[in-house]
Amino acid sequence: MASKRHSRHATMGGQGHREILPFKEELLAYMRAKRGAEEHLRVFHLMRWVNSNQKAWLVQYLGSKLNEAVAYQSFRSLMLRFAARHRFRHRVPSVSKDQYLDELLAAQVVDYAVHFWSTYGHYPRSQILNVDETGVFFDMPPSLTLAEIGQSSKCTKTDKHSERLTAVLTIRADGVKLPILFIVKGKPGGTIETNELPTYPPGHVYAVQENAWMDDRVWDQYLDELLAAHVVDSSVLLVDNLACHVSERSRDKVAETMFSVLEPLPPNSTSRCQPLDVGVMGPLKAMLKTAWLLEDDERKKSVLQL
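Read in order, the letters of the sequence shown correspond to residues 841 to 1146 in our numbering.
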């Protein structure tokens, strides 16, 4: 046999709920072919395949749901169950964790929370802000892939595409979201900055940087053009330890121009302490991947029409 199943499993797999997909064999063939070519396979690939090859069925299925949000989640869950039923599982390399370091980080998080709220707890929630950057790749392979049990999970493409932009997000503790600063790759004063940026959708702020990342110049632009316009009273700005964020120049600028306080997070703690990392970046990336999925068919149609 090509696979090994855990001794707890009394059957050979594949049992359970009656299959509702009339195109089961075609979808399985697509999944196995994709994995046979050592390509990434994610749930959104299955959703996209159905959208491209079984449009009539998909329209009928989605139309039977309460609303679009419920329809999307139901469709995604259906694809997940289909993959699981046919012995495809998400697989990721296992990494041993140092329990002592985990406990140390947990204690650090508690200590910092006590410090923060004892120092800034009297601030209104509208005057507590968190800012963070995230890279948005124009095209990137996922970190997980569905692979049939007993078969290889190797993928030929593992590196992210080199082209990306950076989104700088800011939220207030009362839940209000500030406009986004988008940093695109370009030369300051060059064609992109002078000709393209003015044509971008209004409502947000745009900047250029040679590597599409945050630096001292772009951070100054963020403080001057975006943050200053939305800080009315003395506030506290929660940031990570990126050099341009926590420099003396940055602290002085925040204090002198906005009468506010720049509060850095403890090193290596953003995954636990930073609100944007914990509760916003993940859903944002998921929505971006969904948008990319929905646009992919349109891109393919455009290419075929050329």
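Yeah, the Cβ is synthetic: ideal placement off N, Cα and C, and Gly gets one too.
{"Asked": "Alpha carbon to alpha carbon, what distance is there between Ser993 and Ala923?", "Found": "15 Å"}
{"Asked": "Leaving out five residues on either side along the sequence, give the residues of the same chain with a beta carbon under 7 Å from the beta carbon of Gly1026.", "Found": "Ile1032, Glu1033, Val1048"}
{"Asked": "Quick one: using the 10 Å Cβ neighbour count with 16 as the cut-off for buried, is Ile860 buried or exposed?", "Found": "exposed"}
{"Asked": "Specify the secondary structure class of Pro1028 as computed by DSSP and reduced to three states.", "Found": "coil"}
{"Asked": "Can you name the start and end residues of the beta strand (DSSP E) that His930 belongs to?", "Found": "928-931"}
{"Asked": "Just mark Val1058 as buried or exposed, buried being the case when its beta carbon has 16 or more other beta carbons within 10 Å.", "Found": "buried"}
{"Asked": "Could you check what DSSP says for Glu859 in three-state terms: helix, strand or coil?", "Found": "coil"}
{"Asked": "What does the Cβ neighbour count give for Ala1126, buried or exposed, with the cut at 16 atoms within 10 Å?", "Found": "exposed"}
{"Asked": "Which one or two residues does DSSP pair with Gly975 in a beta bridge?", "Found": "Thr1006"}
{"Asked": "Within this structure, are the beta carbons of Lys1017 and Leu1063 separated by less than 8 Å?", "Found": "no"}
{"Asked": "DSSP three-state label for Pro1115, please.", "Found": "helix"}
{"Asked": "Helix, strand or coil for Pro1104 per DSSP?", "Found": "strand"}
{"Asked": "Give me, in chain order, the residues of the same chain whose beta-carbon lies closer than 7 Å to that of Pro933; leave out the 5 immediate sequence neighbours on both sides.", "Found": "Below a pLDDT of 50, predicted positions are generally treated as unreliable, and Pro933, at 42, falls in that range; the measurement from the model is reported next regardless. Excluding sequence neighbours, Pro933 sits near nothing in its chain."}
{"Asked": "Compare the beta carbon distance of Ser1075 and Gln967 with 8 Å and say whether it is the shorter of the two.", "Found": "yes"}
{"Asked": "In its own chain, which residues sit with a C-beta less than 6 Å from the C-beta of Ala911, not counting the 5 before and 5 after it?", "Found": "Leu902, Lys905"}
{"Asked": "DSSP has Asn907 in a bridge; who is on the other side?", "Found": "The partner list for Asn907 (beta bridge, DSSP) is empty, contrary to what the question assumes."}
{"Asked": "Buried or exposed: which applies to Glu1103, given that a residue is buried once 16 or more other Cβ atoms fall within 10 Å of its Cβ?", "Found": "buried"}
{"Asked": "Taking Gln1049 as part of the beta strand (DSSP E), name the residues at either end of that continuous run.", "Found": "1045-1049"}
{"Asked": "Assuming Met1054 and Val1086 are in contact, meaning their beta carbons sit under 8 Å apart, how far apart are those beta carbons, in whole angstroms?", "Found": "Contact doesn't hold; Cβ gap of about 12 Å is too wide."}
{"Asked": "Could you check whether Glu988 and Arg927 sit closer than 8 Å to each other, using their CB atoms as the reference points?", "Found": "yes"}
{"Asked": "Leaving out five residues before and five after Trp889 in sequence, what residues of the same chain have Cβ atoms less than 7 Å from its Cβ?", "Found": "Leu867, Tyr870"}
{"Asked": "Where does Leu1077 sit, in a helix, a strand or coil, going by DSSP?", "Found": "strand"}
{"Asked": "Going along the chain, which residues of its own chain have a beta-carbon closer than 6 Å to the beta-carbon of Leu1128, five neighbours each way excluded?", "Found": "none"}
{"Asked": "For Ala1013, which residues in the same chain have their Cβ closer than 7 Å to its Cβ, ignoring the five residues on either side in sequence?", "Found": "Arg965, Ile968"}
{"Asked": "What number of angstroms, rounded off, separates the C-alpha of Pro862 from the C-alpha of Leu984?", "Found": "27 Å"}
{"Asked": "Once the 5 residues before and after Arg1089 are set aside, which same chain residues still bring their CB inside 8 Å of it?", "Found": "Asp1056"}
{"Asked": "Straight-line CA distance for Pro1028 to His955?", "Found": "40 Å"}
{"Asked": "So, helix, strand or coil for Phe1099, using DSSP?", "Found": "coil"}
{"Asked": "Less than 8 Å between the beta carbons of Glu1065 and Val1079, yes or no?", "Found": "no"}
{"Asked": "Would you identify the three-state DSSP class for Arg882, choosing helix, strand or coil?", "Found": "coil"}
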